[in-house]
Structures are given as C-alpha cells and as structure tokens.
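*Asks:* This structure is in structure tokens; I'll ask about it shortly.
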Amino acid sequence: MTSTQTLRNAAIVLYATLSILWLAIPQSVSNWSRDYLPEFVQPVAAPIVQTVEMVANVTRIPQLYTHMREQFQSATKK
C-alpha cells in the first residue's frame, strides 16, 4: 500500500469516527461550535449542527449512547 492510500484510509477512519461521535453526542459539537468558531462562521455552521442534532435525536442514537455508557460504568464500578 502506498503512503497516499494509507493516509486516505486513516482519514476515512478518523472522519467516520468523528461522525459517529457527533451522532452519539450531538450537543458536544453544538457546544464546541458555539464556543470556538468565529462569529462570522456560526451562521453557516448553525443549520448544519441543528440538522445533525435533529437526525441524531430522531434515530435515538444519543439515548443508546447514554444507556451503553451507564452500563459500562456500572460494570466497571465507576
């Protein structure tokens, strides 16, 4: 495998992981965008963030994440 293919594969894994996390914990991205994005970018980012939050809540992925996290914490006594 060439270094270009390796880099492409790493980027795919990274962005897929970030996408899954965004769906599982959508409020984290909205908080981050509100706190760290410049003022002029926020009007552009806001509709995207709201759409992802809506999709996440409709699919109930955040509730599944919360349930699994609680199960993990109870299993590890944390």
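If you read the sequence shown in numbering that gives the first Met the number 0, its first letter stands for residue 0, the second for the next number, and so on.
Even glycine gets a Cβ: it sits at the ideal position worked out from N, Cα and C.
This structure is a prediction, so every number in the text was calculated from the model and none was measured.
(1) Assess, as a yes-or-no matter, whether the region 31-45 is touched by the region 59-75 under the definition of 3 or more beta carbon pairs within less than 8 Å.
(2) At a cut of 8 Å, does the region 34-42 reach the region 6-16 through at least three beta carbon pairs?
(3) Considering only residues of the region 24-67, which uninterrupted alpha helix (DSSP H) runs meet the minimum length of 4 residues and lie entirely inside it, listed in chain order?
(4) Among Y64, T1 and V40, which one has its Cα closest to the Cα of I19?
(5) So P25 and V51 are supposed to be a Cβ contact under 8 Å. How far apart are they, rounded?
*Replies:* Reading off the structure:
(1) No, the region 59-75 is not in contact with the region 31-45.
(2) no
(3) Counting only runs of 4 or more, we get 25-35 and 41-58.
(4) Translated into the one-based positions of the sequence shown, residue 19 becomes position 20. Closest option to I19, Cα to Cα, is Y64.
(5) Taking the first residue of the sequence shown as position 1, residue 25 is located at position 26. Taking the first residue of the sequence shown as position 1, residue 51 is located at position 52. About 6 Å separates the two Cβ atoms, so the contact holds.
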